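Here the structure comes first, spelled out in structure tokens, and everything after it is commentary.
Residue numbers (our numbering): 3 to 160.
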């Protein structure tokens with residue numbers, strides 16, 4: 003999402019209007035929908051046949067994450083809905099609810115969506131070149147030995 007919001011084609015022109023929801027918030031929205039007083043909302047107690055994902059992808063899932071976000075266009079001169087959809091797709095974020103252009107997810111119950119944009123990223127946010135981390139084994143071994151020495155001379159006691 004960070005890369006999407008920094009993309010010059012939509013930067014400053016989109017915002018998150020709804021993100022992660024608790025079970026209680028999803029239930030409130032669902033109850034409002036069922037009473038005819040709110041927008042379409044997923045039943046928070048529904049479980050996928052695989053038993054893992056439940057309710058709305060906006061809800062916090064068993065792994066502690068939510069997988070949906072609603073986007074809105076900022077102001078009248080922001081990007082068009084088709085432009086937002088096209089740019090988001092470059093980052094593997096797609097609309098997944100028919101009739102709701104604003105509801106985006108990086109995955110569905112079957113897996114993550116493919117993306118094109120990260121294949122070409124070769125610099126960090128500060129402009130430095132991305133490279134594999136270099137492990138300083140000598141420093142790590144020295145640190146480990148020092149910890150061992152400290153434990154040997156000052157063991158933990160209850």
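Ideal placement from N, C-alpha and C gives every residue a C-beta, glycine not left out. Note that this is a predicted model, so its numbers are computed, not measured.
### Query
Where do the ends of the beta strand (DSSP E) carrying residue 6 lie?
The residue given as residue 6 occupies position 4 in the chain shown. Looking at the DSSP string, residue 6 is not in any beta strand (DSSP E); the run it does join, the alpha helix (DSSP H), is 4-8.
#### Entry: Where residue 143 falls: helix, strand or coil (DSSP)
Here residue 143 refers to the residue found at position 141 of the chain shown. Per DSSP, reduced to three states, the secondary structure at residue 143 is helical.
### Task
Round the Cβ separation of residue 71 and residue 3 to the nearest angstrom and send it over; I've been treating them as touching at under 8 Å.
As a working mapping, residue 71 is identified with position 69 in the chain shown. As a working mapping, residue 3 is identified with position 1 in the chain shown. The pair is a contact, with the Cβ atoms about 7 Å apart (cut-off 8 Å).
### Message
Whole angstroms are fine: how far does the CA of residue 139 sit from the CA of residue 151?
### Response
Within the chain shown, residue 151 is the residue found at index 149, counting from 1. Within the chain shown, residue 139 is the residue found at index 137, counting from 1. If you take the alpha carbons of residue 151 and residue 139, they lie about 18 Å apart.
### Inter-residue Cα distance where the pair is residue 114 and residue 26
Reading the chain shown from its first residue, position 112 is the one you call residue 114. Reading the chain shown from its first residue, position 24 is the one you call residue 26. Distance from the CA of residue 114 to the CA of residue 26, rounded to the nearest whole angstrom, comes to 27 Å.
### Message
Which residue marks the beginning of the alpha helix (DSSP H) containing residue 86, and which one marks its end?
### Response
Stepping through the chain shown from its first residue, residue 86 is reached at position 84. Note, residue 86: alpha helix (DSSP H), 83-92.
### Task
On a CA-only basis, which of 81, 61 and 52 is nearest residue 2? Give me that one, please.
The chain is shown from 3 up to 160; residue 2 falls before or after that span and cannot be answered.
### Query
Between residue 28 and residue 46, which are expected to be in contact by the criterion C-beta below 8 Å, what is the C-beta distance as a whole number of angstroms?
Along the chain shown, one-based indexing puts residue 28 at 26. Along the chain shown, one-based indexing puts residue 46 at 44. 4 Å between Cβ atoms; contact.
### Message
For a test of the three-state rule: what should DSSP assign to residue 28, helix, strand or coil?
### Response
Numbered from 1 along the chain shown, position 26 holds the residue referred to as residue 28. Residue 28: helix per DSSP, three-state reduction.
#### Entry: For residue 148, the three-state DSSP class (helix, strand or coil)
Residue numbering aside, residue 148 sits at position 146 when the chain shown is read from its first letter. Assigned with DSSP and collapsed to three states, residue 148 falls in helix.
### Query
In terms of residues, what are the limits of the beta strand (DSSP E) holding residue 20?
For the purposes of this step, residue 20 is taken as residue 18 along the chain shown, with counting starting at 1. First-last of the beta strand (DSSP E) with residue 20: 16-20.
### Query
Which residue from 147, 84, 117 and 143 puts its Cα closest to that of residue 103?
Along the chain shown, one-based indexing puts residue 103 at 101. Selected option, being the one with the closest Cα: 84.
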